[in-house]
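> Under the working numbering, residues 5 to 491 are what the sequence shown spells out, in order. One structure, pasted below without further comment.
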Amino acid sequence: MQTVTKVKAINCLHFINGQFVESQNKKTFENINPATEEVLGTVAEGGKEEVDYAVAAAKRALDGPWKKMTLAERSKILRRIGDLILERQEELALLESLDTGKPVSLANKIDIPRAAYNFHFFADYITSVGTEAYQQDNQAIHYSYRRPVGVVGIIKPWNLPLLLLTWKLAPALGMGNTAVIKPAEWTPMTATVLMEICKEAGVPDGVVNLVHGFGPNSAGGAITEHPDVDAISFIGEPSTGTAIMKAAANSLKKLSYELGGKNPNIIFADSNLDEVIDTTIRSSFVNQGEVCLCGSRIYVERTIYEEFIQRFAERVRELKVGDPLTDGTDVGALVSKEHYDRVNSYIDIAKNDGATIVTGGKRPEGLSKGYFLEPTILIGLDRNSRCIREEIFGPVVTVTPFDMEEEVIMQANDTHYGLSATIWTNDLKRAHRVAHQIEAGITWVNTWFLRDLRTPFGGMKHSGIGRTGGMHSIDFYSELSNITIKL
Ligand code: NAD
Numbered sequence: 005m006q007t008v009t010k011v012k013a014i015n016c017l018h019f020i021n022g023q024f025v026e027s028q029n030k031k032t033f034e035n036i037n038p039a040t041e042e043v044l045g046t047v048a049e050g051g052k053e054e055v056d057y058a059v060a061a062a063k064r065a066l067d068g069p070w071k072k073m074t075l076a077e078r079s080k081i082l083r084r085i086g087d088l089i090l091e092r093q094e095e096l097a098l099l100e101s102l103d104t105g106k107p108v109s110l111a112n113k114i115d116i117p118r119a120a121y122n123f124h125f126f127a128d129y130i131t132s133v134g135t136e137a138y139q140q141d142n143q144a145i146h147y148s149y150r151r152p153v154g155v156v157g158i159i160k161p162w163n164l165p166l167l168l169l170t171w172k173l174a175p176a177l178g179m180g181n182t183a184v185i186k187p188a189e190w191t192p193m194t195a196t197v198l199m200e201i202c203k204e205a206g207v208p209d210g211v212v213n214l215v216h217g218f219g220p221n222s223a224g225g226a227i228t229e230h231p232d233v234d235a236i237s238f239i240g241e242p243s244t245g246t247a248i249m250k251a252a253a254n255s256l257k258k259l260s261y262e263l264g265g266k267n268p269n270i271i272f273a274d275s276n277l278d279e280v281i282d283t284t285i286r287s288s289f290v291n292q293g294e295v296c297l298c299g300s301r302i303y304v305e306r307t308i309y310e311e312f313i314q315r316f317a318e319r320v321r322e323l324k325v326g327d328p329l330t331d332g333t334d335v336g337a338l339v340s341k342e343h344y345d346r347v348n349s350y351i352d353i354a355k356n357d358g359a360t361i362v363t364g365g366k367r368p369e370g371l372s373k374g375y376f377l378e379p380t381i382l383i384g385l386d387r388n389s390r391c392i393r394e395e396i397f398g399p400v401v402t403v404t405p406f407d408m409e410e411e412v413i414m415q416a417n418d419t420h421y422g423l424s425a426t427i428w429t430n431d432l433k434r435a436h437r438v439a440h441q442i443e444a445g446i447t448w449v450n451t452w453f454l455r456d457l458r459t460p461f462g463g464m465k466h467s468g469i470g471r472t473g474g475m476h477s478i479d480f481y482s483e484l485s486n487i488t489i490k491l
């Protein structure tokens, strides 16, 4: 057993026009470690003034050296940012773990390498982006060319802080935009370090700006209302998406939304149950279940339902919940007191709705501090229970038996969400047939969270607007102009 002891937290300042700065009024808020409930440091609390200052810097930078750089030069800077993230991987993984409560081993394996890869991927991708050209008989040729959208506001959630920020920032910078970033208030640290990295990699002053703070009537609200912000890239809850859309409507901003999910994990009896259970452990409880893609509604064909519950519960009870900095921890702490209380309230709702708690549902023994919850399996819930219908976003899954393919498709689609789905079957025809009927932006067959960054990523229904990944990201972060030349 190894425990990480080198704990170095940082006080987080804004980063505006290439400088780390305090708020004008010196206001700060505390950053709490969710695993210990101790104060990690302070965070500058920005508002309208800081956002005005950051947007003005970003607007000026659109016409500065950034605009004159060739694609190859911008690609080189993106690659350098990716390299520097990897050079500081250990430090970034530690900060991510301290901020979010996730196991540091997970941050080291997934969050930070993927953050670097987001930059490496788009460093390559932007150099191969072409445009369309059409010859219209002998009358004309038409061709299109891309230009940046302008100042992009990037507003972020707390669950995969650096991974999700870089997923948006890399293509935005690659296409020549400038950015004003607002990280989630609970997880400000890695975004702050990324600003140091951008500066070191040669990003000109004003191109990337970061303002810490909260949502409405704070930094988040000020970005969405600002008339000089041309586009908003938002990841978070659907209700926040509604508020942002209303605020952004006055200046008709371009919007990209990646929102919540209540994703079905459908297990047919002909699937390989060993593989199903290995992956379902991850798709249910990785990152404390705080991943928008987690398969929180598990549907199992009735003939294998009892066996599944027994084997799945056995494996879930073996998961180690505890100190995120200790090697071997599978499940860390939930991100904050507020979120912990919210997730626990769903366990009360489940009890009131007559659920049986197969395992979990309480604070692990021996952990008196920190926002820890045992991984929880709920069964016996009606399809109208709030635990089946609403996103819990914690280590809580429901399991429901089904008899017929049509029945499970209907249940899987009976939700406002449409982010992802997983189907387990060895019947190829059924895999395609069911996948085509599931209302989800991403459907995995016999796997989960297997990503290729060239593919479209995003949600249907209340799970998002638009797609990102590969060409879809390029399309969002650029404006296409068509030029027609009469022959
Ligand atoms: P949230 O919507 O509460 O907050 C997200 C961000 O928006 C935060 O930075 C917050 O300060 C800011 N914000 C809040 N209100 C605002 C307002 N009125 N104006 C401007 N900014 C505002 O979401 P969260 O709790 O941080 O994140 C969890 C949610 O994110 C879950 O629903 C999860 O499924 C979703 N999520 C989706 C994806 C995806 O790719 N689809 C990925 C990760 C998380």
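For glycine and all other residues, C-beta sits at the position ideal for the given N, C-alpha and C. A quick note: this is a predicted structure, and the numbers were derived from the prediction, not measured.
What's the C-alpha gap between threonine 182 and alanine 65?
As a working mapping, residue 182 is identified with position 178 in the sequence shown. As a working mapping, residue 65 is identified with position 61 in the sequence shown. The alpha-carbon atoms of threonine 182 and alanine 65 are separated by roughly 7 angstroms.
> So what does DSSP say about glycine 293, is it helix, strand or coil?
Stepping through the sequence shown from its first residue, residue 293 is reached at position 289. Glycine 293 falls in the helix class under three-state DSSP.
> Check whether the Cβ of serine 467 lies closer than 7 angstroms to any heavy atom of the ligand NAD, and answer yes or no.
Sequence index remark: in the sequence shown, residue 467 carries index 463 (1-based). It does: the Cβ of serine 467 is within 7 angstroms (strictly closer) of some heavy atom of the ligand NAD.
> Three-state secondary structure (DSSP) at cysteine 391?
Position 387 of the sequence shown, counted from the start, is the residue given in the question as residue 391. Correct three-state label for cysteine 391: helix.
> So, with DSSP's three-state summary, where would you put alanine 435?
For this step, residue 435 is matched to residue 431 along the sequence shown. Looking at alanine 435 - three-state DSSP - the assignment turns out to be helix.
> Under 6 angstroms Cβ to Cβ from leucine 90, same chain only, skipping five residues before and after it: list those, please.
Indexing the sequence shown from 1 puts residue 90 at position 86. If we look at leucine 90 and ignore the five residues flanking it on each side, its Cβ neighbours are Ala120.
> If you reduce the DSSP assignment to three classes, tell me which class methionine 475 lands in.
Position 471 of the sequence shown, counted from the start, is the residue given in the question as residue 475. Here methionine 475 sits in helix by DSSP.
> For threonine 283, which residues in the same chain have their Cβ closer than 6 angstroms to its Cβ, ignoring the five residues on either side in sequence?
Mapped onto the sequence shown, residue 283 falls at position 279. Contacts found: Trp452.
> Quick one: is threonine 9 buried, meaning 16 or more other Cβ sit within 10 Å of its Cβ, or exposed?
Counting from one through the sequence shown, the residue named residue 9 turns up at place 5. Since pLDDT at threonine 9 reaches only 49, below the 50 mark, its modelled position is unreliable, and no value is offered.
> Tell me, please, which residues DSSP counts as bridged to alanine 183.
As a working mapping, residue 183 is identified with position 179 in the sequence shown. Alanine 183 pairs with Val156, Val212.
> Using the Cα positions of glutamate 322 and cysteine 16, report the straight-line distance between them to the nearest angstrom.
The residue labelled residue 322 in the question sits at position 318 within the sequence shown. The residue labelled residue 16 in the question sits at position 12 within the sequence shown. Each residue's alpha carbon lies about 37 angstroms from the other.
> Tell me, please, which residues DSSP counts as bridged to phenylalanine 19.
Sequence index remark: in the sequence shown, residue 19 carries index 15 (1-based). Bridge partners of phenylalanine 19: Phe24, Leu214.
> In whole angstroms, what is the alpha-carbon distance linking alanine 252 and valine 212?
Position 248 of the sequence shown, counting from 1, holds the residue named residue 252. Position 208 of the sequence shown, counting from 1, holds the residue named residue 212. Each residue's alpha carbon lies about 21 angstroms from the other.
> What separation, rounded to the nearest whole angstrom, lies between the Cα atoms of proline 405 and isoleucine 308?
Taking the sequence shown and counting its residues from 1, one reaches residue 405 at position 401. Taking the sequence shown and counting its residues from 1, one reaches residue 308 at position 304. Their Cα atoms are separated by approximately 9 angstroms.
> Spell out the partners DSSP gives glutamate 305 in its beta bridges.
For the purposes of this step, residue 305 is taken as residue 301 along the sequence shown, with counting starting at 1. Glutamate 305 is bridged to Phe406.
> Kindly list the residues whose CB is nearer than 7 angstroms to the CB of glycine 374, restricted to its own chain and excluding five residues on each side of it in sequence; keep chain order.
Against the sequence shown, residue 374 aligns to sequence position 370. Closer than 7 angstroms at the Cβ level, and outside the excluded window around glycine 374, lie Pro38, Ala39, Thr40, Glu41, Ala337.
> Roughly how many whole angstroms lie between the Cα atoms of lysine 465 and lysine 490?
Taking the sequence shown and counting its residues from 1, one reaches residue 465 at position 461. Taking the sequence shown and counting its residues from 1, one reaches residue 490 at position 486. Spanning the two alpha carbons is a distance of roughly 43 angstroms.
> Check this for me: beta carbons of arginine 150 and serine 482, under 8 angstroms apart or not?
Along the sequence shown, one-based indexing puts residue 150 at 146. Along the sequence shown, one-based indexing puts residue 482 at 478. Yes, the pair counts as a contact, with Cβ atoms nearer than the cut-off.
> Express the C-alpha separation of isoleucine 446 and glycine 463 in angstroms, rounding to a whole number.
For this step, residue 463 is matched to residue 459 along the sequence shown. For this step, residue 446 is matched to residue 442 along the sequence shown. The alpha-carbon atoms of glycine 463 and isoleucine 446 are separated by roughly 7 angstroms.
> Would you say the beta carbon of lysine 341 is closer than 7 angstroms to some non-hydrogen atom of the ligand GTP?
As far as ligands go, the structure on display features the ligand NAD and does not contain the ligand GTP.
> Could you tell me whether any non-hydrogen atom of the ligand NAD is closer than 7 angstroms to the CB of glutamate 394?
The sequence position of residue 394 within the sequence shown is 390, counting from 1. Answer for glutamate 394: no, Cβ out of range of the ligand NAD.
> What residue does the beta strand (DSSP E) around glycine 363 start on, and which one ends it?
The residue labelled residue 363 in the question sits at position 359 within the sequence shown. Residue identity differs from the one stated: residue 363 is threonine in this sequence, not glycine. Residues 360 to 363.
> Name the DSSP bridge partner or partners of histidine 496?
There is no way to answer for residue 496, as the model of the chain reaches only from 5 to 491.
> DSSP three-state call for valine 59: helix, strand or coil?
In the sequence shown, residue 59 corresponds to position 55, counting from 1. Three-state DSSP puts valine 59 in a helix.
> Using a Cβ-Cβ cut-off of 8 angstroms (strictly less than) and excluding sequence neighbours within five positions of arginine 92, which residues of its own chain qualify?
Counted from its first residue, the sequence shown places residue 92 at position 88. Result list for arginine 92: Val197, Ile201, in chain order.
> Determine the DSSP secondary structure at methionine 5, reduced to helix, strand or coil.
Residue numbering aside, residue 5 sits at position 1 when the sequence shown is read from its first letter. Caution applies to methionine 5, whose pLDDT of 38 falls short of 50 and renders its modelled position unreliable; the value that the coordinates give is listed next. Of the three classes helix, strand and coil, the one that applies to methionine 5 here is coil, per DSSP.
> For threonine 380, report the span of its alpha helix (DSSP H) as first-last.
Residue mapping note: residue 380 aligns to position 376 of the sequence shown, counting from 1. It is not in any alpha helix (DSSP H) - threonine 380 instead sits in the beta strand (DSSP E) that spans 380 to 383.
> Which residue from His230, Met249, Asp232, Pro231 puts its Cα closest to that of isoleucine 239?
Position 235 of the sequence shown, counted from the first residue, corresponds to residue 239. For the residues His230, Met249, Asp232, Pro231, the minimum Cα distance to isoleucine 239 belongs to Met249.
> With burial defined as no fewer than 16 other Cβ atoms inside 10 Å of the residue's Cβ, what is the status of glutamate 378: buried or exposed?
For this step, residue 378 is matched to residue 374 along the sequence shown. So glutamate 378 ends up on the buried side.
> Tell me the rounded alpha-carbon separation between threonine 7 and threonine 330.
In the sequence shown, counting from the first residue as 1, residue 7 sits at position 3. In the sequence shown, counting from the first residue as 1, residue 330 sits at position 326. For threonine 7, the pLDDT reaches just 45, beneath the cut-off of 50, and the residue's location in the model is therefore unreliable, although a value from the coordinates is still provided. So the two alpha carbons sit approximately 4 angstroms from each other.
> Counting only the same chain and skipping the five closest in sequence on each side, list residues whose C-beta sits under 8 angstroms from that of lysine 63.
Looking up residue 63 in the sequence shown gives position 59. Excluding sequence neighbours, lysine 63 sits near Gly154, Val155, Thr182, Asp232.
> Should lysine 160 be counted as a contact of the ligand NAD given a C-beta to heavy atom distance under 7 angstroms?
Your numbering for residue 160 matches position 156 in the sequence shown. Under cutoff, so the answer is yes.
> To the nearest angstrom, how far is the alpha carbon of valine 412 from that of isoleucine 270?
Position 408 of the sequence shown, counted from the start, is the residue given in the question as residue 412. Position 266 of the sequence shown, counted from the start, is the residue given in the question as residue 270. Rounded to the nearest angstrom, the two C-alpha atoms are 8 angstroms apart.
> Could you give the distance in angstroms between the alpha-carbon of glutamate 305 and the alpha-carbon of glutamate 409?
Working through the sequence shown from its first residue, we reach residue 305 at position 301. Working through the sequence shown from its first residue, we reach residue 409 at position 405. Using only the alpha carbons, I get a separation of about 9 angstroms.
> Could you say which of Glu395, Ala97, Leu214 lies nearest to glutamate 49 if we only look at CA atoms?
For the purposes of this step, residue 49 is identified with residue 45 of the sequence shown, where counting begins at 1. Cα-wise, what sits closest to glutamate 49 is Leu214.
> If I follow the unbroken beta strand (DSSP E) through glutamate 42, where does it start and stop?
Taking the first residue of the sequence shown as position 1, residue 42 is located at position 38. First-last for glutamate 42: undefined, no H or E at that position.
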